[in-house]
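Structure record follows, encoded as structure tokens.
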Amino acid sequence: MDNKKATLELGEKPVGKLLIQYATPAIVAMSAASLYNIIDRAFIGQVVGPEAIAGLGITFPFMNLSAAFGAAVGVGASACISVKLGQRDYGTAQHLLGNTVTLNLIIGLAFMAVSLLLLNPILRFFGASDVTLPYAREFMQVILLGNVITHMYFGMNAVLRAAGKPRHAMYTVLFTVACNIVLVIAFVWWLRLGIRGAALATVTSQTLAMVWQMKLFSDSRELLHLKRGIYGLRRQLVKNIVSIGISPFLMNATSCVIVIFMNNQFVSYGGDLAVGAYSIANSMVMVFFMFVMGINQGMQPIVGYNYGARKYDRMMRCLWLAIAAATGVLLVGWGLSMAFPRQIARIFTTDEQLITLAAKGIRIDMLVFFVVGSQAVITNFFQSIGKVKVSIFLSLSRQIFMLLPLAFILPRFFGLDGVWYSMPLSDFMAFLITIPVLVAFIRKASFAAPTITNDNG
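In this note's numbering, the protein residues as written are 1 to 457.
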């Protein structure tokens, strides 16, 4: 199927089939990425030790911060491209592709340079102790050297989905994951390169995947392809990308702030092993939340295209189906976490103290997990149609307005348990805010398509 026909399908094919068609590859890809993360942490925990798991947990905010800049470009550009394809403005969509490449290069290099220069103080600020700092530093040195590759890899995959190529996006991630697993075994298990080997495996696999992505976008027969004249930054296009990308940027940036704060709270009330338990619990959360992210990725081009084409009934049907699917997946995750927390923790470590801490943490962290899916899907929905202020508000509501104050107050009364319980409580409160916001939006029928214009200047 040619690229143009694939994009036109977004406004014609039954919405349920479209969501399956677009979400399934994304879910497979995200689930595979999640599986890799588990294998990566399991190898580090089993081969290097529990302190290395805690050190890896310290790097989460750094990874989130890097992802925040990548998401601002990748998600923003893909949403803009989806709307322009819905409006059949293929020229502007082409320039959006070129500007995505340029922005990823500029931001990726700048983030790498600043972060490497200030690496030790940043890691200390993120909660690294004398024990965990060497592990965190070794890992991030390699990751930051490949930061441009990471930004470009995620950005181009987002554009592949927007351009009607969800299977190609899936193949890219599956290749990256398979390559990652093989290289982690080689670098960490066989060559005993430790946590640095895990980082090297990540960067190497993403580099190989990005080369294939660029080959795909170099095909002049495609509706969207790389060519001369599209790379110069255009003010209006950059503004469009950033205005939509600011929501995922803030979501990832605030996640960074939250993880920094939570790491410090866990260190203060439970020591380095509590940080390791938090890292393990986070890994379990991400296993199932990756399914929701896949659903969101599959939903985004369908919603964006039909919003641009003013086919609002199709847009809303896609939203309801995505909410139902996300809720069902997280119910499964909730059930498994409540039933088998110790078995899950044993995947990552053989240290009995860490297993006990992690098992308790998993159960508490996942206490109301089944309500998180609808909140995430609705936030992504507003982002996909360019309702930036609403999306930003919903993105920040759980983390900044609720989790941060709760994680500060509750431990003063309940110690380490208070840090853990702040997470499910903030999840439920965010859910209670999101539903009325969606209802108010539907009642107002606020369906004015965003203006995403070209800028010849």
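Even glycine gets a Cβ: it sits at the ideal position worked out from N, Cα and C.
Query raised in the report: Just the Cα atoms here: how many angstroms apart are V285 and G229?
Result: As a first step, residue 285 must be located in the sequence shown, where it is residue number 285. As a first step, residue 229 must be located in the sequence shown, where it is residue number 229. One C-alpha to the other measures close to 43 Å.
Report task. Could you have a look at Y231 and say whether DSSP puts it in helix, strand or coil? Result -> Locating residue 231 in the sequence shown gives position 231, where the first residue counts as 1. Here Y231 sits in coil by DSSP.
Query raised in the report: Is it buried or exposed for D427, if we count other Cβ within 10 angstroms and need 16 for buried?
Result: Working through the sequence shown from its first residue, we reach residue 427 at position 427. Buried, because 16 or more other Cβ atoms sit within 10 Å of the Cβ of D427.
Requested in this report: Tell me whether G91 is buried or exposed, calling it buried when 16 or more other Cβ atoms sit within 10 Å of its Cβ.
Outcome: Here the question's residue 91 lines up with position 91 in the sequence shown. That one is exposed.
Report task. Starting from E222, follow the alpha helix (DSSP H) in both directions and report where the run begins and ends. Result -> Here residue 222 refers to the residue found at position 222 of the sequence shown. Element bounds for E222: n/a, residue is neither H nor E.
Query raised in the report: In or out: M338 buried (at least 16 other Cβ within 10 Å) or exposed?
Result: The residue given as residue 338 occupies position 338 in the sequence shown. Exposed, since its Cβ has fewer than 16 Cβ neighbours within 10 Å.
Requested in this report: Could you give the DSSP three-state label for A440: helix, strand or coil?
Outcome: As a first step, residue 440 is located in the sequence shown; it is residue number 440 there, counting from the start. It is helical.
Requested in this report: Return helix, strand or coil for I344, following the three-state DSSP convention.
Outcome: In the sequence shown, the residue the question calls residue 344 occupies position 344. The answer is helix: DSSP assigns I344 an H, G or I state.
Query - Alpha-carbon spacing of P50 relative to L438, whole angstroms - result: The residue labelled residue 50 in the question sits at position 50 within the sequence shown. The residue labelled residue 438 in the question sits at position 438 within the sequence shown. Using only the alpha carbons, I get a separation of about 43 Å.
**Report entry** Assumed close pair G304, A29 - CB separation to whole angstroms, cut-off 8 Å
**Finding:** Position 304 of the sequence shown, counted from the first residue, corresponds to residue 304. Position 29 of the sequence shown, counted from the first residue, corresponds to residue 29. Actually they are not in contact, since the Cβ atoms of G304 and A29 sit about 19 Å apart, beyond 8 Å.
Query raised in the report: Nearest to N120 by CA position, among F139, N104, Q383, is which residue?
Result: In the sequence shown, residue 120 corresponds to position 120, counting from 1. It is F139 whose Cα lies nearest to the Cα of N120.
Query raised in the report: Helix or strand or just coil, what does DSSP make of K165?
Result: Position 165 of the sequence shown, counted from the first residue, corresponds to residue 165. In the structure shown, K165 sits in coil (DSSP, three-state: anything other than H, G, I, E or B).
Report task. Can you have a look at I409 and say buried or exposed, based on whether 16 or more other CB atoms are within 10 angstroms of its CB? Result -> Here residue 409 corresponds to residue number 409 of the sequence shown, with the count starting at 1. Flag for I409 reads exposed.
Requested in this report: Verify whether the separation of the beta carbon atoms of A93 and L85 is less than 7 Å.
Outcome: Counting from one through the sequence shown, the residue named residue 93 turns up at place 93. Counting from one through the sequence shown, the residue named residue 85 turns up at place 85. Going by C-beta atoms, A93 is nearer than 7 Å to L85.
Query - Between the CA atoms of S220 and M402 - distance to the nearest angstrom - result: Within the sequence shown, numbered from 1, the residue matching residue 402 stands at position 402. Within the sequence shown, numbered from 1, the residue matching residue 220 stands at position 220. Their backbone Cα atoms lie some 49 Å apart in a straight line.
Query raised in the report: Between L396 and the rest of its own chain, which residues show a CB-CB distance below 7 Å, the 5 nearest in sequence each way excluded?
Result: Reading the sequence shown from its first residue, position 396 is the one you call residue 396. Counting only Cβ-Cβ distances below 7 Å, and skipping sequence neighbours, we find L250, T254.
Query - Cutoff 6 Å; reference V15; Cβ partners in own chain excluding five residues on either side - result: If you number the sequence shown from 1, residue 15 lands on position 15. Answer for V15: R314, R317, C318, listed in chain order.
**Report entry** Supposed close pair A209, T176 - CB separation, criterion 8 Å
**Finding:** One-based indexing of the sequence shown puts residue 209 at position 209. One-based indexing of the sequence shown puts residue 176 at position 176. The Cβ separation is near 4 Å, so the contact holds.
Query raised in the report: So R41 packs on F348, CB below 8 Å; how close in whole Å?
Result: For this step, residue 41 is matched to residue 41 along the sequence shown. For this step, residue 348 is matched to residue 348 along the sequence shown. Sure, about 6 Å apart at Cβ, within 8 Å.
Query raised in the report: Closest to G11 by CA distance: which of I435, S384, P301, L354 is it?
Result: Residue numbering aside, residue 11 sits at position 11 when the sequence shown is read from its first letter. Closest by alpha carbon: P301.
Query raised in the report: In its own chain, which residues sit with a C-beta less than 6 Å from the C-beta of A128, not counting the 5 before and 5 after it?
Result: As a working mapping, residue 128 is identified with position 128 in the sequence shown. Taken in chain order, the residues that qualify are I58, A136.
Requested in this report: Within its chain, find whatever has a CB closer than 6 Å to the CB of Q383; leave out the 5 residues flanking it on each side and keep chain order.
Outcome: Taking the sequence shown and counting its residues from 1, the one referred to as residue 383 is at position 383. So the qualifying residues of the chain are S247, S391.
Query raised in the report: With C-beta atoms as the reference, is V267 less than 7 Å away from F291?
Result: For the purposes of this step, residue 267 is taken as residue 267 along the sequence shown, with counting starting at 1. For the purposes of this step, residue 291 is taken as residue 291 along the sequence shown, with counting starting at 1. Taking C-beta atoms as the reference points, V267 and F291 fail to come closer than 7 Å.
Query raised in the report: From A430 to A23, what distance separates their C-alpha atoms?
Result: Counting from one through the sequence shown, the residue named residue 430 turns up at place 430. Counting from one through the sequence shown, the residue named residue 23 turns up at place 23. Those two C-alpha atoms are separated by around 25 Å.
Query raised in the report: So is T350 buried or exposed if we call it buried at 16+ other beta carbons inside 10 Å?
Result: Here the question's residue 350 lines up with position 350 in the sequence shown. Exposed.
Requested in this report: Return helix, strand or coil for G462, following the three-state DSSP convention.
Outcome: There is no way to answer for residue 462, as the model of the chain reaches only from 1 to 457.
Query raised in the report: Going by other Cβ atoms of all chains shown within 10 Å of its Cβ, with 16 needed for buried, is G436 buried or exposed?
Result: Counting from 1 along the sequence shown, the entry for residue 436 is found at position 436. Reading off the sequence, residue 436 comes out as Pro, not Gly. Looking at its Cβ environment, which holds fewer than 16 other Cβ atoms inside 10 Å, P436 is exposed.
Report task. Evaluate N456 with the Cβ neighbour count: other Cβ atoms within 10 Å of its Cβ, from every protein chain shown; 16 or more gives buried, anything less gives exposed. Result -> Residue mapping note: residue 456 aligns to position 456 of the sequence shown, counting from 1. Here the model assigns N456 a pLDDT of 44, short of 50, so the residue's position is not dependable and the matter cannot be decided.
Requested in this report: Compute the Euclidean distance between the alpha carbons of P450 and Q87, then round it to the nearest angstrom.
Outcome: By 1-based counting over the sequence shown, the position of residue 450 is 450. By 1-based counting over the sequence shown, the position of residue 87 is 87. Residue placement at P450 cannot be trusted, given a pLDDT of 49 that sits under 50; what the coordinates show is reported in the next sentence. Distance between the alpha carbons of P450 and Q87 is about 11 Å.
Query raised in the report: Among V159, S205, R363, which residue has its Cα nearest to the Cα of I461?
Result: Examination of residue 461 is not possible in this model, given that the chain is present from 1 through 457 alone.
Report task. Measure the CB-CB distance between A71 and N252 and report whether it falls below 7 Å. Result -> One-based indexing of the sequence shown puts residue 71 at position 71. One-based indexing of the sequence shown puts residue 252 at position 252. Yes.
Requested in this report: With a 10 Å radius around its C-beta and 16 neighbouring C-beta atoms as the bar for buried, classify I452 as buried or exposed.
Outcome: Indexing the sequence shown from 1 puts residue 452 at position 452. Reliability of the predicted coordinates at I452 is poor, the pLDDT of 48 falling under 50, and no value is obtained from them.
Report task. Determine the direct distance from the alpha carbon of H168 to that of L18, and round the result to whole angstroms. Result -> Numbered from 1 along the sequence shown, position 18 holds the residue referred to as residue 18. Numbered from 1 along the sequence shown, position 168 holds the residue referred to as residue 168. Roughly 16 Å between the two C-alpha positions.
Requested in this report: Please classify P405: is it buried, with 16 or more other beta-carbons within 10 angstroms of its beta-carbon, or exposed?
Outcome: Counting from one through the sequence shown, the residue named residue 405 turns up at place 405. Counting other Cβ atoms within 10 Å of its Cβ, P405 stays below 16 and is therefore classed as exposed.
Requested in this report: For K227, count neighbouring C-beta atoms within 10 Å of its own C-beta (all shown protein chains included) and say buried if the count is 16 or more, exposed if not.
Outcome: On the sequence shown, residue 227 is found 227 positions in, with the first residue counted as 1. K227 comes out exposed.
Query raised in the report: Distance, Cα to Cα, T379 vs L394?
Result: Here residue 379 refers to the residue found at position 379 of the sequence shown. Here residue 394 refers to the residue found at position 394 of the sequence shown. Their Cα atoms are separated by approximately 6 Å.
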